[in-house]
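Step one of this worksheet: look at the structure below.
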Amino acid sequence: MQHLHDDALALLALGEEPTAEETAHLEHCEQCAGEISAYGRVVRAGKSTVPAGSVPPPAVWAGIHEALGLDPSLRKDPLEDRQENHPDQGAASPSGPAGAARPVSLADERRKRRGTKWFAAAAAAAVVAGAATWGVVRGFEPQPEVIASVPLEPLPSYSDEGTATVDLLPDGERELVITASSSEAEGYREVWLISPDITSMVSLGEMDGTEARLKIPDGLDLSAYPIVDISDEPHDGNPEHSGKSILRGQLEL
1 MQHLHDDALA
11 LLALGEEPTA
21 EETAHLEHCE
31 QCAGEISAYG
41 RVVRAGKSTV
51 PAGSVPPPAV
61 WAGIHEALGL
71 DPSLRKDPLE
81 DRQENHPDQG
91 AASPSGPAGA
101 ARPVSLADER
111 RKRRGTKWFA
121 AAAAAAVVAG
131 AATWGVVRGF
141 EPQPEVIASV
151 PLEPLPSYSD
161 EGTATVDLLP
171 DGERELVITA
181 SSSEAEGYRE
191 VWLISPDITS
201 MVSLGEMDGT
211 EARLKIPDGL
221 DLSAYPIVDI
231 SDEPHDGNPE
241 HSGKSILRGQ
251 LEL
């Protein structure tokens with residue numbers, strides 16, 4: 001499974017509406033949903049601890065941008081207009097002498113909320129930048145390499161949809177990540193790798209729910225077993241394939 005980019009996770013944690021593709025992904029990916037939740041806690045903490053009217057100096061954003069290796073399009077300091085948005089309280093204004101309160105306009109309130117939001121984003125990014133040391137979030141842990149991925153199509157009399165992805169983990173192990181739109185079965189669901197001629201197969205284990213992460217045995221040649229199959233197995237103690245397949249797809253390796 002191809003996970004959401006860190007930039008997308010941060011924006012979703014800040015309250016941006018997810019796209020249809022992101023919504024579909026988050027329904028089946030506990031890892032990305034968990035990271036958004038972790039980012040959200042940091043954002044809420046940043047919002048609750050920022051004194052009214054205070055903003056970080058330009059060097060803060062520059063350091064965050066460099067530490068995270070953000071896209072060049074994000075290089076601009078989001079608070080570069082802080083002098084306009086947060087004028088010195090003691091400065092004279094058209095409405096009265098120095099120190100006199102001036103009416104707060106709707107534009108002022110919008111700018112204030114925008115500044116708070118960007119400060120929260122900066123706070124979240126700063127915490128994420130230190131995650132590798134503190135373990136606050138998992139965004140900087142080594143990520144799996146996707147070896148292959150394929151949609152799983154329903155077999156006759158079924159209407160499920162799903163995906164199968166082979167991940168190469170940082171420790172060198174391989175993992176098959178399976179998702180399905182349903183977990184219904186007459187018995188239980190079992191995941192198989194099958195040879196192209198359907199004469200040989202290997203069971204990877206049971207699928208409980210709509211997602212499963214199953215280890216691929218060391219030394220197993222995926223090119224010899226490229227077909228991913230989810231079967232409906234009766235509780236009869238027979239380890240053989242029942243012959244009732246729910247979803248199937250062939251990996252391109």
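Start counting the sequence shown at 1; every next residue gets the next number (full-length UniProt numbering).
For glycine and all other residues, C-beta sits at the position ideal for the given N, C-alpha and C.
This one's a predicted model, so the numbers in the text were calculated from it and none came from an experiment.
Extent of the continuous beta strand (DSSP E) to which residue i belongs
| i | result |
| --- | --- |
| ASP229 | 227 to 233 |
| ALA180 | 174 to 180 |
| GLU184 | GLU184 -> no beta strand (DSSP E), and no H or E assigned at all. |
| GLY205 | 201 to 207 |
| LEU247 | 245 to 250 |
| ALA224 | Where ALA224 is concerned, there is no enclosing beta strand (DSSP E), given that its DSSP letter is neither H nor E. |
| GLU153 | 145 to 154 |
| GLU211 | 211 to 216 |
Between the CA atoms of residue j and residue i - distance to the nearest angstrom
| i | j | result |
| --- | --- | --- |
| ASP167 | VAL146 | 5 Å |
| LEU12 | SER149 | 25 Å |
| ASP197 | HIS28 | 31 Å |
| GLU175 | LEU169 | 7 Å |
| GLY172 | SER203 | 21 Å |
| LEU14 | ASP6 | 12 Å |
| ILE64 | MET201 | 50 Å |
| GLN83 | ILE36 | Caution is warranted here: a pLDDT of 47 is assigned to GLN83, below 50, making its placement in the model unreliable, and the coordinate value is therefore given only provisionally. Roughly 32 Å between the two C-alpha positions. |
| GLU184 | GLU30 | 20 Å |
| LEU220 | GLY34 | 32 Å |
| residue 264 | THR199 | No information on residue 264 is available, as it lies outside the stretch 1 to 253 that the chain covers here. |
| GLU16 | PRO156 | 40 Å |
| PRO72 | THR210 | 38 Å |
| GLU66 | ASP208 | 42 Å |
Own chain, CB closer than 7 Å to residue i, minus 5 neighbours either side, in chain order
| i | result |
| --- | --- |
| ASP160 | PRO154, ALA180, SER181, SER182, ILE246 and LEU247 |
| PRO151 | THR163 and GLY249 |
| LEU4 | GLU22, HIS25 and CYS32 |
| SER242 | SER231, ASP232, GLU233 and PRO234 |
| LYS215 | GLU173 and GLU175 |
| residue 257 | Since the first and last residues shown for the chain are 1 and 253, residue 257 lies out of range. |
Endpoints, the alpha helix (DSSP H) within which residue i is located
| i | result |
| --- | --- |
| ALA164 | Taken as a continuous stretch (DSSP letters only), ALA164 belongs to no alpha helix (DSSP H), being part of the beta strand (DSSP E) at 162 to 168. |
| LEU9 | 6 to 13 |
| ALA20 | 20 to 28 |
Buried versus exposed call for residue i [16 or more other C-beta atoms within 10 Å across all chains shown]
| i | result |
| --- | --- |
| GLU233 | buried |
| THR19 | exposed |
| THR165 | buried |
| ALA212 | buried |
| PRO144 | buried |
| GLU190 | buried |
Same chain, Cβ closer than 6 Å to residue i, five either side skipped, listed in chain order
| i | result |
| --- | --- |
| PRO229 | The sequence as given places Asp at residue 229; Pro does not occur at that position. Around ASP229: TRP192, ILE194, SER245 and ARG248. |
| SER223 | LEU253 |
| GLU186 | ASP232 |
| PRO217 | none |
| ALA8 | none |
| TYR158 | ILE246 |
Closest residue to residue i among the options (Cα-Cα distance)
| i | options | result |
| --- | --- | --- |
| PRO239 | GLU206, GLU35 and GLU30 | GLU206 |
| ALA38 | GLU17, ALA62 and ALA10 | ALA10 |
| GLN2 | ASP208, ILE64, GLY63 and ILE178 | ILE178 |
| GLY237 | ASP208, TYR188, PRO72 and ALA8 | TYR188 |
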